[in-house]
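Protein chains in written order, with my numbering: chain A, 1 to 423; chain B, 1001 to 1210. Take a look at the structure below.
This is the structure in structure tokens:
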């Protein structure tokens, strides 16, 4: 049986002495197999335990292997709270383009509300012909679309490049406020059309049903273009930590605008200038002025393997794997360098390469065991190119916090360990 | 409507100024906002390889009564629209602050567990900026709105409008923006000129010019 026998055995004395029934159990199992005469003792020794007895029962909702239990988000909450902060996706442990729902990053401003979907309603009001309520049962009857797209917190990656000295942490701890899912829901334009938008309206104010009642102003143009009222995430209903039962999803825009637990949309002529869009998510420039309404998350890439914490076992052939995304469109190309940016080569993009989705890139690398610096840079279909850290800082200083998308370099030591390096 | 640029190849590896990026994020014409058919076109154009044609909705929205809307609508515009009746002063707010805010925000807004609310004036252009209500926030109406919808952290939306006015006044007073006895109400609050008001650069409208 795969169950770890030692975990049920309490120590009986110091320094790790365990109860003798540990041996009794093992003995009984071996005796059982032998006495039934199904296999020789020698064969039982070779055959994996999990082939010697039926596996565990069927279940209603799946769980991962217990050997993968160490793959965890990294939660970090504001002092004095346990739900106002973020949890970072462990990018270094994942592959492909889709983020598993339980590992999708979190960013909450006042915890995760426990919303009863039967009591949740969405109000659309303000500059419309008809002010309307929609309950979840109604929304589920509307025409839906599915889109595979990323969402990224605007503060993602700032720790990777803005501190004066490089912070050494895993790829996920530095860049893990990004995730990519298939989102399914009702285009917001359908509901706005039903309400009848006043020609003078130019913005919507979206508000969540959490304790912070998070609110953000969104251009009406975006709302009518590709905004989604998401109900499903990777095929199942949204997770509570991603806005159950209803969230706004704004492809390519900074994550906090995709208001979770959506309960109210007000059409207005001008933005409300909420705290989160003025005092929080604005980008401070070197001269002390701040950029307001920097919506799209721009082109970025990062090598997830090798990366800090994933030790290279020794010289030889490795696959460099990473992810690239842009809030402006498709990824056009990714290049990888293994010599600190002196030379670059085109990485293979793993399809499908979708609009505003994470694109996985891969590249083979024969590591000779010498200290190396590897990095990736991406370009999107609009021609935007991921900037080197120095270029970004030269243009925007080191205080802007949000929308950092500089090139990430990892140094690989001769011991096979990776670390964050400014290169 | 939703014009998309189909440059499949970036034009070499020339690094554009980061602050100018994003300008290509086009804005759908407002005309599109009116017509369902046009809106469908916009949605389809945004995701040519992922789009599904939209049939029209089943019209299941239920008309909201004006009084219901009034109860739900807690949003406030910088011109003061949405501010409720009531008033308060910093003198009244000081006691409320001690009761509801002090443990996280510290005495006189100087910071404890969480954000510093006062001071920081003149630090934004230096190497260690301190963004506070007084040094950074562009609109006083936002202070009222944020306190009312979010605070106190353990019991949001539990304060009366009078109390929120008083706390707002106290924070403005701590930052030297109003006097201790200045009465803050809908009219007075929307007239407050925050010190950092003119130091924001609107990035979004720049995106509209195509």
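The beta carbon of each residue, even a glycine, is placed where N, CA and C say it ideally should be. Note that this is a predicted model, so its numbers are computed, not measured.
### Query
Whose CA, out of 299/A, 381/A, 145/A and 89/A, lies closest to the CA of residue 105/A?
Numbered from 1 along the first chain, position 105 holds the residue referred to as residue 105/A. Checking every option, the nearest Cα to that of residue 105/A belongs to 89/A.
### Message
Can you find the residues in the same chain that come closer than 6 Å, C-beta to C-beta, to residue 1205/B, ignoring five residues on each side of it along the sequence?
### Response
For the purposes of this step, residue 1205/B is identified with residue 205 of the second chain, where counting begins at 1. Counting only Cβ-Cβ distances below 6 Å, and skipping sequence neighbours, we find nothing.
### Query
Could one say the Cβ of residue 1142/B lies closer than 9 Å to chain A's Cβ atoms, at least one of them?
Residue mapping note: residue 1142/B aligns to position 142 of the second chain, counting from 1. For residue 1142/B, the answer is yes, since a Cβ of chain A falls inside 9 Å of its Cβ.
### Task
Can you say whether residue 346/A is buried or exposed, counting buried as having 16 or more other CB atoms within 10 angstroms of its CB?
For the purposes of this step, residue 346/A is taken as the residue at position 346 of the first chain. Classification of residue 346/A: exposed, given that the 10 Å Cβ count is below 16.
### Task
Would you decide whether residue 1099/B is buried or exposed? Buried here means 16 or more other CB atoms lie within 10 Å of its CB.
Locating residue 1099/B in the second chain gives position 99, where the first residue counts as 1. Result: exposed.
### Query
Are the region 356 to 363 of chain A and the region 383 to 399 of chain A touching by the rule of at least three beta carbon pairs closer than 8 Å?
no
### Task
Could you give the DSSP three-state label for residue 405/A: helix, strand or coil?
Reading the first chain from its first residue, position 405 is the one you call residue 405/A. Residue 405/A: coil per DSSP, three-state reduction.
### Proximity winner among 249/A, 343/A and 172/A, relative to residue 310/A (alpha-carbon distances)
Residue 310/A sits at position 310 when you count from the first residue of the first chain. Nearest option by C-alpha distance: 172/A.
### Message
Please list the terminal residues of the continuous alpha helix (DSSP H) segment that includes residue 161/A.
### Response
Here residue 161/A corresponds to residue number 161 of the first chain, with the count starting at 1. First-last of the alpha helix (DSSP H) with residue 161/A: 158 to 161.
### Query
If we cut at 9 Å on Cβ distances, does residue 1114/B have a partner in chain A?
Locating residue 1114/B in the second chain gives position 114, where the first residue counts as 1. Yes, because at least one Cβ of chain A sits closer than 9 Å to the Cβ of residue 1114/B.
### Residues of the region 69 to 100 of chain A with Cβ closer than 8 Å to any Cβ of chain B, in chain order
78, 79, 80, 81 and 84
#### Entry: Test: residue 1059/B CB closer than 9 Å to a CB of chain A
Along the second chain, one-based indexing puts residue 1059/B at 59. Interface residue, yes.
#### Entry: Cβ contact check for the region 223 to 231 of chain A and the region 183 to 190 of chain A: 3 or more pairs under 8 Å
yes
### Task
Measuring alpha carbon to alpha carbon, tell me which of 352/A, 408/A and 323/A ends up nearest residue 373/A.
Mapped onto the first chain, residue 373/A falls at position 373. The candidate whose alpha carbon is nearest that of residue 373/A is 408/A.
### Query
Name the DSSP bridge partner or partners of residue 203/A?
One-based indexing of the first chain puts residue 203/A at position 203. Answer is 219/A and 268/A.
### 9 Å Cβ cutoff met for residue 1151/B and residue 1088/B
Start at 1 with the first residue of the second chain, and residue 1151/B comes out as number 151. Start at 1 with the first residue of the second chain, and residue 1088/B comes out as number 88. No, these two residues do not count as a Cβ contact at 9 Å.
### Task
Just mark residue 175/A as buried or exposed, buried being the case when its beta carbon has 16 or more other beta carbons within 10 Å.
On the first chain, residue 175/A is found 175 positions in, with the first residue counted as 1. It is buried - the Cβ of residue 175/A has at least 16 other Cβ atoms within 10 Å.
### Task
Using 10 angstroms around the beta-carbon of residue 97/A, count the other beta-carbons present and answer buried if the total reaches 16, otherwise exposed.
Residue mapping note: residue 97/A aligns to position 97 of the first chain, counting from 1. Result: buried.
### Query
Short check: CB of residue 414/A to CB of residue 341/A, under 9 Å?
Counted from its first residue, the first chain places residue 414/A at position 414. Counted from its first residue, the first chain places residue 341/A at position 341. Taking 9 Å as the Cβ cut-off, residue 414/A and residue 341/A do not qualify as a contacting pair.
### Query
DSSP state of residue 394/A, grouped into three classes?
The residue labelled residue 394/A in the question sits at position 394 within the first chain. Helix, per DSSP.
### Task
Would you mind working out which of 93/A, 74/A, 115/A and 116/A sits nearest residue 85/A, comparing C-alpha positions?
If you number the first chain from 1, residue 85/A lands on position 85. Selected option, being the one with the closest Cα: 74/A.
### Query
Taking all protein chains shown into account, do 16 or more other C-beta atoms lie within 10 angstroms of the C-beta of residue 1077/B, making it buried, or fewer, making it exposed?
Numbered from 1 along the second chain, position 77 holds the residue referred to as residue 1077/B. Classification of residue 1077/B: buried, given that the 10 Å Cβ count is 16 or more.
### Query
By the criterion of Cβ-Cβ separation under 9 Å, what are the contact partners of residue 1199/B in chain A?
Locating residue 1199/B in the second chain gives position 199, where the first residue counts as 1. Chain A residues near residue 1199/B: 287, 288, 289 and 290.
### Task
Kindly say whether residue 1107/B, judged by its beta-carbon, lies nearer than 9 Å to any beta-carbon of chain E.
Absence of chain E from the displayed structure is noted, the protein chains being A and B.
### Query
Between the region 1162 to 1169 of chain B and the region 1053 to 1068 of chain B, are three or more C-beta pairs nearer than 8 Å?
no
### Query
Residues of chain A with a CB under 7 Å from the CB of residue 1160/B: which are they?
Position 160 of the second chain, counting from 1, holds the residue named residue 1160/B. Simply none; closest approach about 17 Å.
### Message
Against chain A, with Cβ distances strictly below 9 Å, would residue 1097/B count as a contact?
### Response
As a working mapping, residue 1097/B is identified with position 97 in the second chain. Not closer than 9 Å to any Cβ of chain A, the Cβ of residue 1097/B fails to qualify, so no.
### Message
Does any residue of chain A have a CB that is nearer than 9 Å to the CB of residue 1029/B?
### Response
To locate residue 1029/B, count along the second chain from 1; it is residue 29. Because the pLDDT of residue 1029/B is 31, which lies under 50, any placement of that residue in the model is unreliable, and the question is left without a value.
#### Entry: CB contact check: residue 337/A to chain B, cutoff 9 Å
The residue given as residue 337/A occupies position 337 in the first chain. Closer than 9 Å: no.
### Task
Could you check how far apart the C-beta atoms of residue 245/A and residue 144/A are, in whole angstroms? I think they sit under 8 Å.
Translated into the one-based positions of the first chain, residue 245/A becomes position 245. Translated into the one-based positions of the first chain, residue 144/A becomes position 144. With 8 Å as the limit, residue 245/A and residue 144/A do not qualify as a contact, their Cβ atoms being about 14 Å apart.
### Task
Report the partner residues of residue 149/A according to the DSSP bridge assignment.
Position 149 of the first chain, counting from 1, holds the residue named residue 149/A. Partner(s): 181/A.
### Query
Between the region 311 to 341 of chain A and chain B, which residues of the former have a C-beta closer than 9 Å to a C-beta of the latter?
327, 328, 329, 330, 332, 333 and 335
#### Entry: Residue of 395/A, 416/A, 255/A and 390/A minimising C-alpha distance to residue 160/A
Taking the first residue of the first chain as position 1, residue 160/A is located at position 160. That would be 390/A, whose Cα lies nearest to the Cα of residue 160/A.
#### Entry: Simplified DSSP assignment, three categories, for residue 415/A
Here residue 415/A refers to the residue found at position 415 when the first chain is read from its first residue. DSSP places residue 415/A in coil when its eight states are reduced to three.
### Query
residue 273/A CB to nearest chain B CB: under 9 Å?
Residue mapping note: residue 273/A aligns to position 273 of the first chain, counting from 1. So yes, residue 273/A belongs to the interface.
### Query
Apart from the five residues just before and just after residue 258/A, which ones in its own chain have a Cβ nearer than 7 Å to its Cβ?
Here residue 258/A corresponds to residue number 258 of the first chain, with the count starting at 1. So the qualifying residues of the chain are 151, 247, 248, 249 and 250.
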